[in-house]
Amino acid sequence: MNLPAISFSYVRARPLATTLNLLLLALGIATITVLLLVTSQLEERMGRDARGIDLVAGAKGSPMQLVLSSVFHIDAPAGNIPLADALVLAKNRAVKKAIPLALGDSFRGFRIAGTNHAYPAHYGAVISQGRLWGAPLEAVLGADVAAASRLAVGAKFSGAHGLEGSGDSHEASPYTVVGVLAPSGSVIDRLVLTSVESVWAVHRHGEPGEDPAKLVADMDDEEKELTALLIQYSTPLAAAMLPRQVNASATLQAASPAYESARLFRTIGVGVDVMRAFGLVLVLAAGLSVFIALLNALEERRYDLAVMRMLGAGRGRLMALMLLEGAALALAGGVAGIALGHLLTEVLGRALGQAKQAAVTGWSWHPAEGWLLALALAVGLAAALLPAWRAYRSDVAPVLAEG
């Protein structure tokens, strides 16, 4: 007696009920899978992007906004800070390394970041084509920018005012691509890198063909500004002293990437927990639906089960038949749910990629997904337990007598 074949025939005999049970379970598992994949990848990505940056100094405003705009590049900065104040801070004994950032323009939705060579070195970026920038208006493209724009070394492009690329184009001051970075898996993949002087020259609005170096040389010191400084402490004691010194300044504000990232995930964690609870409710509802379906099916099959007993099937085999059916439904729903979760995560990742936001992919595996399959199986077996026990305890003679 082939129990899997018999179980499959029973499941196939009730296509509507089977489909609804599978769909309900799959939706619950898919919801939890998407949350697992997205939150784990965002946490990993943000941790990688903020690695080695102890403090961000920028304009007064929201510390969260300062970190999101200057470290993760997913928000607009509150403003700029005077170069003179930034230079004084960079020379502080508590500062081991200070990387300047000048933001304000973008290219096809990708941000143009004025900085120095320490910035790509901080992320371990490697040149795959060409070289790093040297003169003003030379630019290096991150891997994602190069792939999306299809620009190569030697190509020219113009930035647009604003971080979304919707502002006026700086046609009079085109950049020249001198290098392309290899993929690094960090925020730098989505940036166009150039010198701080390039950003200053572009915003001087010179005439076409005018020497950008001369434009910068003609600037007053008061005109020279940065968006932020990315700071690495020289000693652990600096964490207690430097933020207070920075915040005491009239123009500067300090923000900790580690603290603000944790605060961000605490904020969105409530919503994540609610969605996770919703997914669990769907899984439990699917288990209840499977229980009701198996209980009803047991009543419909009483005569069939009695005949199987007469043909030599023991009580244990009838019980195993019901358990197998519940387990098969649960595993099918669990596998379908995980597959659907990965598909939805990939769709979400492509949407975020088009918006030039954080990278998320469905082509990754979270260790907890194995526990999701175990959860689905446990729910299916629990739902089948009572029907299976009733099949085990069923009395053959009265059922056959009823005909």
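Heads up: the sequence shown begins at -11 in the numbering used here, then just goes up one per residue.
Think of the CB as a built atom: it goes at the ideal place given N, C-alpha and C, for glycine as much as any other residue.
Here the structure is a predicted model, which means the values were calculated and not measured.
- Spatial neighbours of leucine 8 in its own chain (CB-CB distance under 8 Å, excluding positions within 5 residues in sequence) are listed in chain order as Ser277.
- As summarised for the segment 222 to 262, the continuous alpha helix (DSSP H) elements at least 4 residues long and confined to that stretch are 226 to 235, given in chain order.
- The segment 239 to 250 and the segment 92 to 106 do not touch, with fewer than 3 CB-CB distances between them shorter than 8 Å.
- One alpha carbon belongs to aspartate 177, the other to glutamine 233, and they sit about 33 Å apart.
- For proline 375, no pairing in a beta bridge is given by DSSP.
- In the structure shown, valine 141 adopts coil according to DSSP, grouped into three states.
- Between leucine 214 and tyrosine 221, the gap from beta carbon to beta carbon reaches 8 Å or more.
- With respect to the C-alpha of leucine 270, the residue from Leu240, Ala308, Gly325 having the closest C-alpha is Gly325.
- Between valine 168 and glycine 118, the C-beta spacing is below 8 Å.
- As far as DSSP is concerned, proline 3 takes part in no beta bridge.
- Look at tyrosine 163 here: in three-state DSSP terms it is strand.
- One alpha carbon belongs to aspartate 93, the other to threonine 182, and they sit about 11 Å apart.
- Listed in chain order, the non-local C-beta contacts of glutamine 29 below 6 Å within the same chain comprise Val348, local neighbours out to five positions each way being set aside.
- By the neighbour-count criterion, in which 16 or more other beta carbons inside 10 Å mark a residue as buried, serine -5 falls on the buried side.
- Per DSSP, aspartate 73 lies in no beta strand (DSSP E) segment; the continuous alpha helix (DSSP H) that holds it begins and ends at 71 to 78.
- Closest in alpha carbon position to alanine 86, among Ala64, Pro65, Ala109, is Ala109.
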